[in-house]
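So for the sequence shown, this note's numbering puts the first residue at 2; every next one is plus one.
The C-beta atom is built at its ideal place from N, Cα and C for all residues, glycine as well.
Report on the structure given below.
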Amino acid sequence: MDQPQTPNQSDPVKPVNDPRSGGHQPPEERVTQGADAPRSETDAAPPPPLTPKDWLMSNAIYLVILGGLVGVIWYKFGLEGVWTAAKVALGLGFVIFIHELGHFLAAKWCDVHVQTFSIGFGPALPGCSFQRGETTYKIGVLPLGGYVNMVGEGPETDEDENYPRSFKNKTVGQRMLIISAGVLMNVLLGCVLFIVVYYYYGVAEPPAIVGRVDPGSPMWVNGIPSGALITELDGIRNPVFKNLKMKVVLSGEGEKLPFTFVTYNEEGEALGERTVYLLPRKEETDQNPVVGVSPGRQLRLYPKLPIGLPVRRGSAAAAARPLPVEADEIVVAATDPDDPEKLKELKRDPKSDPFGYQDLARRVRALEGKKMVVRVAPAKTGAQPKTVERDVPLEGFHFNDTIVGCTQIQDDPHEKYDPFRVRELPLDPRHPGSDRRDPFAFYDHLRRLAGLPMVVQVRRGDPDSEDLRAEASGGPIVNVFVPPAYHVTFGLRMKMGKVAGLRENSPAAQAGVQKGDELVKVVLKDDRGEKLYSSAELDPERLPDELARAAAKRSGKKMVLLTIRREPSDKDIDLEPVEWDPRWDNDRELPLSPGSPLAIPQLGVAYWVLSQVVAVEPGSPVAEGLKKGDTIKAVSFKEKSPYTKKVDWSEWSELESKRDGGSQFDRWAQAFQLVQLIDDKEVKVRVNRAGDETKKDIEMTATEDTSWPLIDRGILLRDDYTIQKADNFGQALALGARETRNWIGIMYLQLKSLLSGRVSVKQVSGPLGMMQQAFTVAQSSDLGLPLLFLGIISINLAVVNFLPIPILDGGHMVFLIYEKLRGRPPTENVKLVATYIGLAVILLIFVVATFHDFRKMFGI
């Protein structure tokens with residue numbers, strides 16, 4: 002409850018601005034003292050009600066503002082956007098209204114004279130204001146919150162010293178109750194909403210599955226692989242990813258957290274639990290403490306979105322199509338992209354591509370969105386094989402498709418590769434009892450089939466359904482032919498950076514590699530001593546993939562010889578050979594933050610990639626603009642604004658890292674990864690040339706490199722989740738109470754982490770950020786999500802309002818505690834100074850939060 006300012010002493014009981022109302026001035030009510038209660042001078046002769054015309058004239062400014070706001074929303078988002086905005090206003094207004102209702106009910110219970118109780122701000126709507134007893138009730142034109150106006154509020158009221166129903170004449174305990182009632186009501190509302198959600202809808206929570214691991218992070222160093230399921234975290238059994246994130250972000254400096262996890266083999270069998278203690282990392286490049294993990298995904302595509310596709314634009318998956326080929330048939334000819342009216346036989350390579358499916362994949366990509374026909378024949382040809390021509394549907398992947406199978410791995414090198422030999426994926430052991438397929442098994446197929454066309458088998462689901470509980474069972478099964486994907490490059494080779502970290506007990510650590518070393522040569526040999534890979538001119542971006550592909554060509558044991566350079570000596574050091582560890586082949590080790598290094602999973606070594614150009618390929622896209630020795634200091638990508646819908650350059654992302662008392666331009670690893678994922682392959686770089694103090698901005702476009710297969714084919718998969726739903730009302734009560742307690746604790750710990758610097762102020766969201774989230778949530782067809790969001794907002798409002806800042810409920814509670822302990826209230830000067838300080842603090846927080854909202858939303 003934000004205590005209203007006081008009336009002027011010469012105008013004894015005139016209500017004034019109530020900060021709880023957002024600063025709106027309620028209609029003035031002049032009262033005089035009576036024997037039992039103040040009476041308004043206008044009580045004897047109330048003014049006549051305004052006519053609709055008079056009301057419109059007197060409140061034109063409110064209506065113009067409201068109409069202008071509605072018009073802008075209508076222009077940007079249409080009628081549906083106006084309805085969404087109305088739901089947001091009503092929802093948030095309801096939360097604030099409940100806060101004010103708490104003050105009102107407590108004041109009535111303590112027999113305080115309440116003059117006005119308003120739902121919403123601004124003037125009353127026509128016919129929506131009436132007086133019952135001593136209180137005026139009204140509905141304001143702006144439906145955001147409300148306010149309560151009581152007699153005797155504020156330190157300057159002295160005309161009613163003997164009036165027992167004045168707020169200021171109530172006991173300290175009664176005033177404490179009135180002050181805290183709004184906060185208590187918000188906590189109660191949050192708890193009730195949580196109970197309703199858990200009882201009727203359930204809450205979708207990402208389980209604590211290790212999806213991707215950040216190279217060099219605490220989780221990576223301690224050897225927790227992707228696909229692991231965290232079964233216990235610091236006393237929480239079967240945690241969800243939210244527990245993991247909050248425990249890490251809110252951890253104290255030097256605090257180690259116990260992680261217990263289980264891993265699975267290729268058959269889906271659990272390999273037993275293991276516990277490690279992780280010390281969250283908090284460096285200058287980290288906005289908050291991290292352990293280096295992202296949540297897992299499920300093999301289900303996103304539901305239908307207002308804009309966009311279920312796959313990444315321009316990717317191999319965007320060109321994918323369901324080819325009408327049976328299991329006992331092969332494709333012998335297809336539409337010629339150079340002459341779309343004719344069919345042309347597929348080009349075959351008896352050794353590497355006997356069926357010609359690489360040529361088929363090339364045509365599928367070239368004919369994306371166009372008519373295509375294939376000619377198929379029986380796989381077992383007779384004397385006169387019968388061929389059939391069939392039209393290829395334009396559709397590829399659909400929204401809400403569920404992946405259930407894909408091309409099976411053919412380990413026999415002498416066997417002809419046939420992408421139409423499809424096999425169901427194994428069930429996901431992390432979700433026992435469900436029909437979900439294992440996403441990590443699917444990733445293993447993507448990795449091992451990189452560079453080859455493949456078939457992904459999907460079960461069609463309802464594209465418009467956002468219901469997380471509705472699995473896509475019962476839909477038709479469709480085999481979608483997906484061409485191979487390739488990296489896009491600029492024709493640059495960047496400088497190898499220093500070793501950023503080593504996994505415990507890894508081959509690199511056993512060889513003697515240390516943090517700060519530089520890899521200068523890598524040699525990979527098979528068990529007969531034959532070289533499979535050797536290079537003294539290392540390309541740091543290609544190195545992990547080149548080594549993995551070279552190792553995959555031969556079975557059996559393989560050895561690695563590393564040559565390093567260690568400061569302060571400039572001499573190269575040859576280390577003892579160590580064994581290549583194929584158990585980490587399928588580990589998803591990807592740069593998750595701008596300052597992340599790159600890793601070779603099978604060696605357990607991570608290194609930074611410098612943005613310094615070592616070599617430029619002749620004839621490459623940047624051959625005319627960049628040259629050897631240039632340093633890229635910042636990068637900007639083409640992106641579409643979610644507000645203006647225009648494609649423009651993003652804000653500059655600096656590639657400089659500051660660590661160990663120095664700085665390096667070593668953030669190229671994630672920047673290069675982002676180039677593979679963005680729709681538009683145009684990039685702008687800010688270059689510093691040796692010997693030239695001026696910075697030069699260069700635009701360059703990445704082109705496909707068919708010698709470097711890409712594992713990711715552009716299928717956009719949803720985050721994994723489990724539904725936490727109460728089996729009965731008693732369980733819903735327990736879950737709601739637990740969620741209320743957790744959110745209160747989380748918010749206070751977040752404030753503590755902000756004040757201590759453990760969490761960056763850049764993470765703070767203000768009114769714009771909250772409205773953006775509310776707008777997104779309000780568009781959901783699942784009522785449980787908006788109710789859950791309102792519950793969190795209600796708890797947030799309670800916590801913020803009870804902070805010990807003057808003009809907030811918590812600040813006035815501090816004054817009342819002081820009065821209780823000292824037997825007298827603080828002096829008026831102390832209250833005045835404290836109020837100004839509190840107002841300054843609130844304004845500062847508002848400005849900082851709003852600034853960061855603008856930065857996130859508009860890239861300023």
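Does the distance from the CB of residue i to the CB of residue j come in under 9 Å?
{"i": "Gly397", "j": "Pro323", "result": "yes"}
{"i": "Ala552", "j": "Pro710", "result": "no"}
{"i": "Leu194", "j": "Leu789", "result": "yes"}
{"i": "Arg438", "j": "Val615", "result": "no"}
{"i": "Leu791", "j": "Leu190", "result": "yes"}
{"i": "Pro150", "j": "Phe122", "result": "Looking at the sequence itself, residue 150 is Asn, so the reference to Pro does not match. No, they are not a contact pair."}
{"i": "Phe400", "j": "Pro304", "result": "yes"}
{"i": "Ala799", "j": "Ile745", "result": "yes"}
{"i": "Gly620", "j": "Gly492", "result": "yes"}
Measuring straight from C-alpha to C-alpha, what distance separates residue i and residue j?
{"i": "Lys139", "j": "Ala61", "result": "19 Å"}
{"i": "Arg448", "j": "Ala229", "result": "18 Å"}
{"i": "Leu272", "j": "Arg589", "result": "19 Å"}
{"i": "Arg285", "j": "Gly596", "result": "Reading off the sequence, residue 285 comes out as Glu, not Arg. Answer to the nearest angstrom: the Cα atoms are 10 Å apart."}
{"i": "Glu640", "j": "Leu678", "result": "12 Å"}
{"i": "Gln613", "j": "Lys572", "result": "22 Å"}
{"i": "Lys697", "j": "Glu683", "result": "16 Å"}
{"i": "Val610", "j": "Ala367", "result": "34 Å"}
{"i": "Ile574", "j": "Ala537", "result": "13 Å"}
{"i": "Pro240", "j": "Phe803", "result": "30 Å"}
{"i": "Arg364", "j": "Pro420", "result": "16 Å"}
{"i": "Trp653", "j": "Lys109", "result": "57 Å"}
{"i": "Phe666", "j": "Ser795", "result": "44 Å"}
In three-state terms, what does DSSP make of residue i?
{"i": "Ser612", "result": "strand"}
{"i": "His488", "result": "strand"}
{"i": "Met58", "result": "helix"}
{"i": "Lys875", "result": "Residue 875 lies beyond the range of the chain shown here (2 to 861); nothing can be said about it."}
{"i": "Gly92", "result": "helix"}
{"i": "Ser597", "result": "coil"}
{"i": "Ala87", "result": "helix"}
{"i": "Val636", "result": "strand"}
{"i": "Cys192", "result": "helix"}
{"i": "Trp110", "result": "helix"}
{"i": "Gly737", "result": "helix"}
{"i": "Glu29", "result": "Because Glu29 sits at a pLDDT of 38, beneath the cut-off of 50, its placement in the model cannot be relied upon, and the following sentence gives the value as read from the coordinates. Coil."}
{"i": "Arg282", "result": "strand"}
{"i": "Asp810", "result": "helix"}
{"i": "Arg166", "result": "coil"}
{"i": "Thr851", "result": "helix"}
{"i": "Ile679", "result": "coil"}
{"i": "Pro124", "result": "strand"}
{"i": "Thr836", "result": "helix"}
{"i": "Thr232", "result": "strand"}
{"i": "Asn689", "result": "strand"}
What residues in its chain sit with their C-beta under 6 Å from that of residue i, if we drop five residues either side in the sequence?
{"i": "Ala509", "result": "Leu503, Leu604, Gly605 and Val606"}
{"i": "Asp586", "result": "none"}
{"i": "Asp713", "result": "none"}
{"i": "Asp445", "result": "Asn587"}
{"i": "Thr388", "result": "Arg376 and Ala378"}
{"i": "His25", "result": "Any answer about His25 is weak, because its pLDDT of 36 lies below 50 and its placement is not dependable; what the coordinates show is given next. Taken in chain order, the residues that qualify are Phe122."}
Give me, in chain order, the residues of the same chain whose beta-carbon lies closer than 7 Å to that of residue i; leave out the 5 immediate sequence neighbours on both sides.
{"i": "Phe852", "result": "none"}
{"i": "Glu547", "result": "Tyr534"}
{"i": "Ala125", "result": "Lys139, Ile140 and Gly141"}
{"i": "Cys192", "result": "Gly737, Ala738 and Thr741"}
Under 8 Å Cβ to Cβ from residue i, same chain only, skipping five residues before and after it: list those, please.
{"i": "Val89", "result": "Met772, Ala775, Phe776 and Ala779"}
{"i": "Gly82", "result": "Ile74 and Trp75"}
{"i": "Lys554", "result": "Leu533"}
{"i": "Ile720", "result": "According to the sequence shown, residue 720 is Asp rather than Ile. Once the five neighbours on either side are set aside, the close Cβ partners of Asp720 are Pro207, Pro296, Gly297, Arg298 and Gln299."}
- request: Kindly confirm or deny that the segment 203-221 and the segment 287-302 touch, where touching means at least three C-beta pairs closer than 8 Å.
  value: yes
- prompt: Pairing CB atoms from the segment 514-526 with CB atoms from the segment 723-737, are three or more of them under 8 Å?
  reply: no
query: Are there three or more Cβ pairs, one per stretch, closer than 8 Å when the segment 520-532 is compared with the segment 554-562?
result: yes
task: Decide if the segment 370-382 is in contact with the segment 335-345; the criterion is three or more beta carbon pairs, one per stretch, under 8 Å apart.
output: yes
message: For the pair the segment 827-841 and the segment 810-817, tell me if three or more CB-CB distances fall below 8 Å.
response: yes
field: Segment contact, 8 Å Cβ cut-off, at least three pairs: the segment 666-675 with the segment 459-467
entry: no
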